[in-house]
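Here the structure is laid out as structure tokens; the discussion comes afterwards.
There are 8 protein chains.
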Amino acid sequence: MDLNDKIPEGAGPGDVELDFDREARCGFPEFIYGAGKSLEQLLVIVPEMVERTGAVLVTRLEKEAGEVLAERFPAGCHDPLARTFQVVGPEREKRGLVAIVSAGTSDLGVAREALHTLEACGVGAELVTDVGVAGIGRLFARLDRLRQADICIVIAGMEGALPSVVGGLVSAPVIAVPTSVGYGANFGGLAPLLGMLNSCASGVTVVNIDNGFGAACAAIRMVNRFLK
Amino acid sequence: MDLNDKIPEGAGPGDVELDFDREARCGFPEFIYGAGKSLEQLLVIVPEMVERTGAVLVTRLEKEAGEVLAERFPAGCHDPLARTFQVVGPEREKRGLVAIVSAGTSDLGVAREALHTLEACGVGAELVTDVGVAGIGRLFARLDRLRQADICIVIAGMEGALPSVVGGLVSAPVIAVPTSVGYGANFGGLAPLLGMLNSCASGVTVVNIDNGFGAACAAIRMVNRFLK
Amino acid sequence: MDLNDKIPEGAGPGDVELDFDREARCGFPEFIYGAGKSLEQLLVIVPEMVERTGAVLVTRLEKEAGEVLAERFPAGCHDPLARTFQVVGPEREKRGLVAIVSAGTSDLGVAREALHTLEACGVGAELVTDVGVAGIGRLFARLDRLRQADICIVIAGMEGALPSVVGGLVSAPVIAVPTSVGYGANFGGLAPLLGMLNSCASGVTVVNIDNGFGAACAAIRMVNRFLK
Amino acid sequence: MDLNDKIPEGAGPGDVELDFDREARCGFPEFIYGAGKSLEQLLVIVPEMVERTGAVLVTRLEKEAGEVLAERFPAGCHDPLARTFQVVGPEREKRGLVAIVSAGTSDLGVAREALHTLEACGVGAELVTDVGVAGIGRLFARLDRLRQADICIVIAGMEGALPSVVGGLVSAPVIAVPTSVGYGANFGGLAPLLGMLNSCASGVTVVNIDNGFGAACAAIRMVNRFLK
Amino acid sequence: MDLNDKIPEGAGPGDVELDFDREARCGFPEFIYGAGKSLEQLLVIVPEMVERTGAVLVTRLEKEAGEVLAERFPAGCHDPLARTFQVVGPEREKRGLVAIVSAGTSDLGVAREALHTLEACGVGAELVTDVGVAGIGRLFARLDRLRQADICIVIAGMEGALPSVVGGLVSAPVIAVPTSVGYGANFGGLAPLLGMLNSCASGVTVVNIDNGFGAACAAIRMVNRFLK
Amino acid sequence: MDLNDKIPEGAGPGDVELDFDREARCGFPEFIYGAGKSLEQLLVIVPEMVERTGAVLVTRLEKEAGEVLAERFPAGCHDPLARTFQVVGPEREKRGLVAIVSAGTSDLGVAREALHTLEACGVGAELVTDVGVAGIGRLFARLDRLRQADICIVIAGMEGALPSVVGGLVSAPVIAVPTSVGYGANFGGLAPLLGMLNSCASGVTVVNIDNGFGAACAAIRMVNRFLK
Amino acid sequence: MDLNDKIPEGAGPGDVELDFDREARCGFPEFIYGAGKSLEQLLVIVPEMVERTGAVLVTRLEKEAGEVLAERFPAGCHDPLARTFQVVGPEREKRGLVAIVSAGTSDLGVAREALHTLEACGVGAELVTDVGVAGIGRLFARLDRLRQADICIVIAGMEGALPSVVGGLVSAPVIAVPTSVGYGANFGGLAPLLGMLNSCASGVTVVNIDNGFGAACAAIRMVNRFLK
Amino acid sequence: MDLNDKIPEGAGPGDVELDFDREARCGFPEFIYGAGKSLEQLLVIVPEMVERTGAVLVTRLEKEAGEVLAERFPAGCHDPLARTFQVVGPEREKRGLVAIVSAGTSDLGVAREALHTLEACGVGAELVTDVGVAGIGRLFARLDRLRQADICIVIAGMEGALPSVVGGLVSAPVIAVPTSVGYGANFGGLAPLLGMLNSCASGVTVVNIDNGFGAACAAIRMVNRFLK
């Protein structure tokens with residue numbers, strides 16, 4: 104019976120149709136969402152992307168797959184904490200400056216996913232870490248940096264209060280990212296998600312739980328529109 | 104048919120058994136939870152309490168019932184915002200100092216419920232209002248007052264971030280009260296409740312949504328134990 | 104007993120501390136959140152704001168209060184559908200162009216709240232209504248307008264699919280507003296809120312349910328930063 | 104002690120009573136729901152079904168069990184992505200045409216479960232993949248195929264918007280299948296489930312999360328009734 | 104200030120753009136969703152629809168609005184239980200037969216909404232009421248009628264078990280409608296909704312809570328496709 | 104137009120089919136669930152029931168309807184707190200003894216609904232009120248009464264702890280009824296419902312929120328089976 | 104450092120205080136809840152229980168622990184499907200008859216947990232399996248057995264409809280057990296739990312999800328009270 | 104490519120900024136939250152903390168990491184049940200007495216986490232275990248100990264009733280800790296969390312699910328304030 108051969112475990116590479124027009128339409132290249140894709144698929148897609156566009160960003164990558172990709176494509180860079188693999192295109196001047204603000208070490212993976220996504224689109228970015236609201240002095244010590252940024256991506260788990268505080272201190276756009284860090288009544292990030300949606304600082308917008316990639320894309324939309 | 108006579112609308116006053124031992128056992132007098140009690144019942148219970156203990160505090164009171172009580176018992180005081188009616192006993196020296204901290208004008212009812220409860224037990228209390236995290240300078244301007252307090256009751260709706268910030272700034276006990284103020288994904292106070300339970304400031308404890316009374320009782324337990 | 108006099112029904116006007124620094128800090132004036140404020144308070148706050156800043160925007164206003172304000176301040180404008188009252192300052196040149204896209208007539212109130220907020224800050228805005236995804240041709244007929252906009256605020260109830268479709272068609276920033284329009288398993292706006300957070304269009308950000316004001320503030324942050 | 108022998112791990116094969124009348128009553132043969140059944144049970148049931156009816160479809164099959172079945176019954180076909188094992192009966196003419204529409208590669212397993220179920224009942228079916236709403240041009244490119252279909256099964260994770268768009272473009276019955284694909288506030292498929300139930304396209308019906316089998320059965324009910 | 108005049112309470116009639124192409128595209132005329140529409144709007148839309156198409160169906164209508172419509176348009180029919188107003192076009196032959204099965208008297212409004220929707224499209228329909236699963240004999244007494252129907256719409260509140268039982272007894276398509284009838288842990292229809300989505304009868308599909316209209320539209324899609 | 108006449112507001116009395124066999128089948132007469140029934144319907148059903156069975160129990164009755172019924176049928180008894188109307192049949196010897204245990208005055212309505220239901224079936228019953236767990240001495244003072252009962256129905260709102268304590272003290276069957284009494288995170292009775300389902304006292308069973316009627320029916324099933 | 108020695112992994116056996124009085128108080132012996140207990144603890148507790156009472160029932164047992172217990176105590180019986188280990192005391196006459204009714208093979212583990220618990224207390228019990236509502240003829244074929252039983256324990260996953268149907272057909276007490284069998288919108292048993300709490304058959308009571316043990320204990324309370 | 108070297112798996116030790124001021128500000132030293140920290144990070148942080156402060160407490164520690172720490176730092180103590188590693192500073196006189204009350208053996212890990220946290224701050228503490236409400240005699244036997252305590256931390260899973268009972272018996276502060284112990288409708292600790300928030304004993308405060316550490320910190324705040 105040959106159907107077993109035709110249906111590989113995980114969808115076959117031929118099933119995937121890449122969407123190279125998206126950059127024209129939406130302003131950023133197609134990233135590869137790694138979750139649920141087999142290593143076989145990735146080994147077909149990644150070189151195809153690199154060949155056509157000179158660069159690639161794979162997100163939500165299993166560690167093992169990332170290690171294989173890093174071996175096969177030595178020009179690329181695997182960040183296991185961010186769960187990304189990235190081949191950066193030729194150096195170009197950075198546009199804008201995005202501050203990626205996070206509270207705890209456990210939010211760092213999400214912060215780095217945002218960082219790599221911004222880099223992949225040539226947007227300037229800077230991490231401002233370890234500034235949780237329970238030790239608010241640390242945030243004030245970094246306030247100058249925050250106020251210089253064009254956009255603040257603010258990442259927080261637990262009660263998700265950081266975007267409210269930042270939103271009250273800066274006038275730039277603030278994109279909030281809840282993380283699933285926490286336990287008990289955190290309910291997988293629901294607590295900070297609700298907190299951020301109810302932020303008392305006006306004009307804070309929110310993306311999905313742990314979605315550092317999405318926050319970066321929102322920032323890229325702004326940079327593409329306003330700083331071209 | 105006479106059963107209709109025997110079963111008044113709302114439970115009859117005779118159905119209620121007061122628990123005068125509670126003060127001995129738990130350290131605070133029995134308060135009257137007004138919700139679901141008929142005016143008839145209140146008109147029986149309130150004078151009975153006053154006669155035996157010289158004081159009374161009714162909470163969760165409908166405005167109309169409060170107005171009738173205020174008329175009948177001119178020595179008492181009706182606070183429609185807090186939804187309480189109170190007859191204060193003979194003046195005695197205040198024990199301790201509780202700061203009742205709140206973010207917005209809409210949390211004021213809950214704050215005042217806490218205030219009246221503390222007063223009813225002879226505990227010193229002070230309101231510190233309008234110090235939400237989106238304008239954090241206002242909180243810092245009041246920090247000295249907060250640090251002098253023995254206990255901070257911190258009331259907040261929306262994302263419920265205020266207790267985390269306060270908990271990181273003071274070393275005294277912090278009791279957080281989520282309020283149902285807000286709309287949309289506030290879900291009747293669920294958002295600040297989850298936020299406070301997940302507070303990144305260690306040692307913050309939480310009571311039920313809008314439960315200014317309960318927060319005050321928790322403070323009273325501390326004062327009774329430690330400042331007798 | 105004089106406490107009854109001191110505690111008016113609803114917090115007294117004296118309890119409210121206005122925050123005139125916010126514009127300097129965050130780039131937009133303090134709006135008056137009308138819900139939970141008594142008419143008495145509003146009649147104190149509104150002229151105070153107008154006197155100091157020449158303009159005011161009150162949101163979440165009860166219809167009756169709006170009518171009284173409209174009578175007292177004939178220079179102002181009451182929009183009962185948006186639940187706003189507004190005194191617009193001296194004409195100034197509009198900055199930027201925000202498209203406010205909505206699906207059904209029932210989303211119109213939220214759309215207009217956004218519109219008035221943008222106007223209050225001198226940001227250009229345009230309503231693009233009745234373009235729900237079940238009749239997608241209507242959306243395509245307006246695509247040129249959408250693509251000219253600097254920012255798209257996309258408002259939808261029911262399944263909340265519209266921001267995903269718009270986000271796939273334009274490269275500008277997209278701010279999604281779920282509305283509580285619908286019934287049954289809509290659960291007060293939870294369905295479109297979850298839909299928008301899970302949008303398959305990258306870089307769509309989300310604000311709270313029915314929060315047209317918040318979406319406009321997010322747009323104002325962008326305009327203030329990038330189009331000054 | 105012999106009870107251990109009598110109670111095998113997993114229910115014994117003798118515990119299962121097959122329901123061969125169901126086809127007469129409901130129009131489709133009894134499928135074997137593989138989840139929670141031991142390999143031992145499957146090795147008894149599968150040949151019994153094949154012997155009596157000439158065909159069998161096992162769904163929700165663990166990969167290991169599927170591999171053993173494929174080895175034992177070379178006439179059968181194991182699809183690890185769909186998690187099915189199938190012995191197809193003698194060729195017969197297909198009745199009707201069902202379009203199985205899906206958005207992303209990660210919905211493919213659910214789509215194939217539907218495909219195999221339709222095949223097992225002699226219903227014509229065709230996969231239309233990779234037509235997510237964020238790149239809506241791809242959907243329009245396939246619109247002719249969709250409009251030829253008697254029934255559309257539309258599978259989507261994330262915000263679950265695809266059935267609304269399809270439902271607005273075709274007049275045939277549309278059966279929506281939410282998938283658990285996604286992360287964060289997807290909540291295991293709850294987000295697209297709610298989205299589909301609130302679809303603004305009239306007459307879209309919904310089955311359980313990831314239930315490609317159920318969607319196919321709903322289509323089979325229509326084909327059996329109307330295209331006999 | 105004339106803006107008050109331009110913005111009537113509720114959106115003005117001019118804001119509504121009717122979609123007369125929908126029948127061509129999806130097979131059923133545009134119905135008027137009455138909730139959230141002002142009487143003024145309805146008094147504009149209804150005659151416009153009648154003039155162009157000879158018929159109209161308004162759903163989710165407030166009782167008062169329905170009474171006014173019934174007075175103004177004596178040819179129409181107001182069903183306060185179903186919350187509909189309907190002008191039926193010229194008599195035409197009914198196509199198909201839909202059984203609308205319901206458990207209790209409290210599901211009758213939903214059943215009638217379905218009935219009127221089917222009538223508006225010229226589809227044959229019949230109510231089969233009072234056949235709840237706790238007295239299953241009553242269902243069996245009506246089984247012949249159910250088995251003659253081309254499609255069964257099954258409406259149930261409480262535990263929502265009726266579609267499972269019906270789905271096991273008939274081979275025709277079964278469309279399940281959960282209702283918000285019940286109390287306590289019914290949670291506004293969530294209990295029967297989840298029950299129906301988890302139905303053990305294969306091929307049962309589900310529409311939103313109380314959505315008799317949507318169930319009828321799903322049936323109309325089938326009739327239009329298969330019984331033209 | 105005469106359809107308006109044929110469809111009265113609320114279902115017409117003719118729509119209701121009474122189920123007089125239920126007593127034979129399940130051991131208790133058909134009670135009338137008053138919610139959602141019009142006064143017109145009740146005025147038809149109640150005398151019909153009384154004539155055939157000599158007795159009737161209507162539950163979930165609006166106060167106004169109850170008052171009309173009490174006027175029309177002076178032999179009957181209206182309990183507005185329990186929201187019941189009852190005509191008791193000829194005196195017969197009570198079978199068994201059910202203790203109906205409740206914590207607060209606000210649970211009294213549910214307790215009385217249970218009481219009247221038991222009376223309607225000739226089962227002995229006794230209220231044991233005001234025995235909440237926060238003043239556990241009051242429960243111990245009544246323990247003898249509880250231990251004499253054949254069955255304990257235990258009603259509690261708030262945290263719903265009472266059934267666990269009672270279940271640890273008596274060996275008789277314990278039926279727990281959560282009530283929607285409370286506020287904030289009570290979530291309409293969800294808190295005590297979950298508490299009772301997770302009771303650490305083995306063999307406690309639970310009925311729906313506020314369902315005093317259902318708890319009584321469960322007790323009646325026991326009495327009918329074991330004490331006939 | 105010796106504290107490591109004093110604190111074994113998992114609580115030490117000395118930490119557990121058995122409660123031999125419970126039988127006297129509540130009518131059934133202390134069962135051992137195996138989940139979260141280490142094998143070391145079980146190897147201390149089980150012989151202690153056997154020595155004092157001649158019997159033991161361990162529930163929620165890991166398979167490995169069960170196998171070790173079966174080896175060490177050959178007189179005991181390990182049922183891996185029910186996840187129990189049991190040493191039955193000296194034969195005694197069975198009291199009463201409990202029918203344990205279940206829908207699918209996947210509910211069998213819960214059914215057997217109930218069975219072994221009843222056996223451990225000398226209560227007669229009989230399994231009636233494979234009688235789901237989608238093939239209701241199978242239930243009717245077993246109706247005589249059900250009607251002979253003193254008590255029916257009815258176990259169901261998916262929509263949890265079986266107890267409603269059984270409750271409408273028998274007059275004996277019905278105890279419903281929801282199971283976590285299912286997928287998608289089953290939400291770990293929430294769907295059948297809500298279904299059973301909302302059962303339209305009066306007097307059905309419910310225990311926690313998968314709690315065959317608790318259902319049996321409820322039945323034992325009845326047998327102990329009424330059939331001693 | 105050297106970025107792989109720069110980004111270690113898990114954040115590098117250099118990313119962590121310790122906050123030695125917190126003790127001054129909040130009254131307790133910085134504890135190390137072990138979850139999500141790599142062994143490499145812990146091996147840097149732990150000696151740094153010990154060197155500067157003479158003591159350390161790591162919570163939420165993986166067993167393997169705990170074992171390595173215990174080996175490397177023989178002066179420290181690893182409690183695998185509490186998931187802590189601790190180096191206790193020089194002996195000092197204990198301040199106050201906290202009773203840590205728990206219901207079942209499965210709550211013991213949470214109880215011990217509280218115990219070690221209190222010890223780390225020099226606060227006196229005592230475990231009172233196995234006093235669940237279903238066998239309430241055991242609680243009364245320990246009542247004297249409870250009443251001597253300055254503060255009661257009460258830990259419970261299942262229905263979470265224990266804090267209500269304790270809160271009714273003692274006048275000292277009561278801090279309730281819900282645990283995720285249980286199954287079915289426990290929903291990961293949601294049931295006892297809601298129960299405790301709705302406690303009928305006034306003045307009980309609540310911390311997050313399984314948060315023994317947080318409860319201890321709340322007690323430490325009291326001791327630091329009142330018993331210095």
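Residue numbers (my numbering), protein chains in the order written: chain R, 104 to 331; chain Z, 104 to 331; chain X, 104 to 331; chain B, 104 to 331; chain P, 104 to 331; chain W, 104 to 331; chain D, 104 to 331; chain C, 104 to 331. Backbone N, C-alpha and C define an ideal beta-carbon position, used for all residues, glycine too. As the structure is a computational prediction, the values presented were derived from the model and not from experiment.
Worksheet entry | Nearest-angstrom beta carbon gap, Ile-203/C and Leu-218/C [assumed within contact, 8 Å] | The Cβ separation is near 6 Å, so the contact holds.
Fill in: Interface partners of Met-325/B on chain P, CB under 8 Å
Against chain P, the beta carbon of Met-325/B has neighbours under 8 Å at Pro-276, Met-325, Phe-329, listed in chain order.
Worksheet entry | Residue span of the alpha helix (DSSP H) that contains Thr-220/W, given as start and end | Residues 211-223.
Worksheet entry | Ile-278/P beta carbon less than 9 Å from that of Ser-205/P | Against a cut-off of 9 Å, the Cβ pair of Ile-278/P and Ser-205/P comes out as no contact.
Worksheet item: If Val-280/D and Ile-254/D are in contact, beta carbons under 8 Å, what's the gap, nearest whole angstrom?
Response: Their Cβ separation, rounded to whole angstroms, is 13 Å, which puts Val-280/D and Ile-254/D out of contact at 8 Å.
Item to complete: Answer with yes or no whether the minimum CB distance from Ile-239/W to chain C is below 9 Å.
Response: Nearest CB-CB separation between Ile-239/W and chain C: below the 9 Å threshold.
Practice prompt. Identify each residue in the stretch 198-211 of chain D for which the Cβ-Cβ distance to at least one residue of chain B is less than 9 Å, and report them in chain order.
Written response: The stretch 198-211 of chain D vs chain B, Cβ under 9 Å: Gly-207, Thr-208, Ser-209, Leu-211.
Item to complete: Compare the C-alpha of Thr-187/R against each of Glu-170/R, Arg-324/R, Val-310/R and name the closest.
Response: Across the set Glu-170/R, Arg-324/R, Val-310/R, the C-alpha of Glu-170/R shows the shortest separation from the C-alpha of Thr-187/R.
Discussion item. Can you pull the chain P neighbours of Asn-311/W, defined as C-beta to C-beta under 9 Å?
Written reply: In chain order: Gly-285, Tyr-286, Gly-287, Ala-288, Asn-289.
Practice prompt. For the stretch 271-324 of chain B, list the alpha helix (DSSP H) runs that are entirely contained and at least 4 residues long, ordered along the chain.
Written response: Taking only runs of at least 4 residues, the alpha helix (DSSP H) segments lying wholly in the stretch 271-324 of chain B are 293-300.
Worksheet entry | Residue from Pro-295/C, Leu-272/C, Glu-196/C, Glu-154/C with nearest C-alpha to Leu-246/C | When the alpha-carbon of Leu-246/C is set against those of Pro-295/C, Leu-272/C, Glu-196/C, Glu-154/C, the nearest one is in Leu-272/C.
Item to complete: Just tell me which of Thr-220/Z, Glu-143/Z, Val-234/Z has its CA closest to the CA of Ile-323/Z.
Response: In this structure, Thr-220/Z is the residue among Thr-220/Z, Glu-143/Z, Val-234/Z with its C-alpha nearest to the C-alpha of Ile-323/Z.
Worksheet entry | Cross-chain neighbours of Cys-320/R in chain X, by beta carbon under 8 Å | The contacting residues are Ser-305, Gly-306.
Practice prompt. Output yes if chain B places a C-beta closer than 9 Å to the C-beta of Ala-294/X; else output no.
Written response: At a cut-off of 9 Å between beta-carbon atoms, Ala-294/X makes contact with chain B.
Item to complete: Can you give me the Cβ contacts of Gly-199/X inside the same chain, cut-off strictly under 6 Å, excluding the 5 residues immediately before and after it?
Response: The answer, listed in chain order, is Val-226, Gly-227, Asp-253, Val-326, Leu-330.
Worksheet item: Could you give the residue range of the beta strand (DSSP E) that holds Val-190/Z?
Response: Where Val-190/Z is concerned, the enclosing beta strand (DSSP E) stretches over 187-190.
Worksheet entry | Against chain W: residues of the stretch 164-187 of chain D by CB proximity under 8 Å | For the stretch 164-187 of chain D, there are no residues whose beta carbon sits under 8 Å from a beta carbon of chain W.
Fill in: Counted within 10 angstroms of its Cβ, other Cβ atoms place Glu-262/P as buried (16 or more) or exposed
Glu-262/P comes out buried.
Fill in: the stretch 211-225 of chain X: positions lying closer than 7 Å to chain R by Cβ
Those residues of the stretch 211-225 of chain X that come within reach of chain R (Cβ to Cβ, closer than 7 Å) do not exist; the list is empty.
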